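Numbering (my numbering), first residue to last: 14 to 403. Just so it is clear, CB atoms sit at the ideal spot from N, CA and C, and this is done for glycine as well. Small disclaimer: the values here were computed from a predicted structure and weren't measured. Have a look at the structure below, then the notes.
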Ligand SMILES: Nc1ncnc2c1ncn2[C@@H]1O[C@H](COP(=O)(O)OP(=O)(O)OP(=O)(O)O)[C@@H](O)[C@H]1O
Ligand SMILES: [Mg+2]
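See below:
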């Protein structure tokens with residue numbers, strides 16, 4: 014056994030969630046060889062235990078394949094951050110990290126992505142919540158198989174519903190099915206704030222937030238109410254969707270939300286009978302946009318009938334068929350998002366101070382004249398103007 018053989022075997026071990034191997038990343042060091050026994054260290058940047066486990070398993074398999082006998086792989090990982098290091102206004106302080114799932118266009122697969130990423134993060138050992146902030150068209154209850162379940166109310170707080178190991182809340186769970194509500198801007202802001210303040214979320218590692226399409230009141234209120242750790246943009250490969258996705262990415266920039274990446278959904282088609290993948294909408298169209306915003310495509314999710322069926326029947330593919338190609342891609346995307354969340358916290362976290370409403374010194378935005386009929390807000394609740402002063 015030589016160092017060259019060991020390095021060449023270890024260069025087949027990909028860093029989970031990336032297309033680069035652990036040798037190229039420069040993570041492997043202190044290789045000691047004694048006949049066919051090999052020991053080495055791998056310094057990784059993620060504290061997630063499953064990352065260490067996967068690297069150990071893959072490295073042992075690759076080394077055994079080239080004839081190594083006793084293998085000792087020491088993984089050095091940073092400590093899991095106890096708390097988020099984010100600053101600024103946070104009306105849901107028991108939640109350590111917030112992941113905002115957005116798109117410029119409707120119907121591109123935000124809710125499907127939110128559900129599957131949330132389940133993948135939970136399967137990777139995180140304590141996860143899923144908030145359906147799409148108050149116009151709440152689809153999460155159906156997709157999570159909880160459409161008929163009403164949440165428990167505790168005083169003036171509401172308990173999230175548990176499904177697939179995660180905590181869930183949606184406007185759809187609070188209103189009668191099929192009911193439609195007409196929302197004015199101020200009501201949307203109020204609803205988003207209540208979802209964060211009046212739902213009894215546990216101490217969560219991450220709250221995944223499925224946004225309505227576009228860049229409007231809901232997005233701004235969310236960013237002002239909690240320090241959003243990372244944003245994820247969902248797009249489809251067609252030009253018209255990409256135009257709108259640029260707006261979504263630009264919004265993250267303007268709100269000072271770090272971009273965790275882009276998910277290209279409906280990227281190709283996997284035939285259910287043969288498993289063969291076909292390019293339908295055109296591939297490679299999203300990459301220039303990722304480059305423009307200095308981010309990356311963290312998954313290409315094909316059109317698969319089992320994803321649609323899973324959504325309609327409340328059986329998400331990541332849970333019911335975790336070994337399918339699409340589930341594996343959702344898992345890799347979730348691992349990549351978590352690595353970024355850890356990196357952000359290790360580097361001081363995010364701060365939403367800069368996106369709070371600006372008012373002249375000494376003047377509260379709440380002193381803005383309000384229509385006579387509007388009741389004055391109670392001291393502990395927002396005036397509903399998104400002023401951020403409560
Ligand atoms: N990769 C996929 N393969 C097959 N069907 C998919 C895929 N992604 C999403 N769908 C289906 O497309 C439809 C729209 O997806 P989804 O509701 O997640 O989009 P959305 O962006 O949340 O929409 P909206 O803007 O209305 O909230 C759903 O029926 C969903 O099951
Ligand atoms: Mg949706």
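- Here DSSP, grouped into helix, strand and coil, assigns residue 198 to helix.
- In this structure, residue 113 sits near residue 224, with a CB-CB distance shorter than 8 Å.
- For secondary structure counted as the beta strand (DSSP E) over 3 or more consecutive residues, the segment 254-282 holds no complete run.
- When only Cα atoms are considered, residue 15 and residue 216 end up about 48 Å apart.
- Here DSSP, grouped into helix, strand and coil, assigns residue 129 to helix.
- 8 Å or more divides the Cβ of residue 276 from the Cβ of residue 231.
- CA-to-CA, the gap between residue 141 and residue 38 works out to about 29 Å.
- A straight-line Cα-Cα distance of about 49 Å links residue 246 and residue 47.
- The C-beta distance from residue 326 to residue 283 rounds to 19 Å, too long to meet the 8 Å contact threshold.
- Taking 3 residues as the shortest admissible run, the segment 43-75 contains the following complete beta strand (DSSP E) segments, listed from N- to C-terminal end: 50-56.
- Residue 184 has its Cβ no nearer than 7 Å to any heavy atom of ligand 1.
- Between the alpha carbons of residue 244 and residue 254 lies a gap of roughly 18 Å.
- Of the heavy atoms belonging to ligand 2, none sits nearer than 7 Å to the Cβ of residue 327.
- The alpha carbon of residue 175 has as its nearest neighbour, out of 206, 18 and 158, the alpha carbon of 158.
- Proximity of the beta carbon of residue 152 to ligand 2 is indicated: a heavy atom of the ligand is located closer than 7 Å.
- Inclusion of residue 120 and residue 258 in the CB contact set at 8 Å is not warranted, their separation being larger than that value.
- Beta-bridge partners of residue 291 (DSSP): 282.
- Bridge pairing for residue 87: 54 [DSSP].
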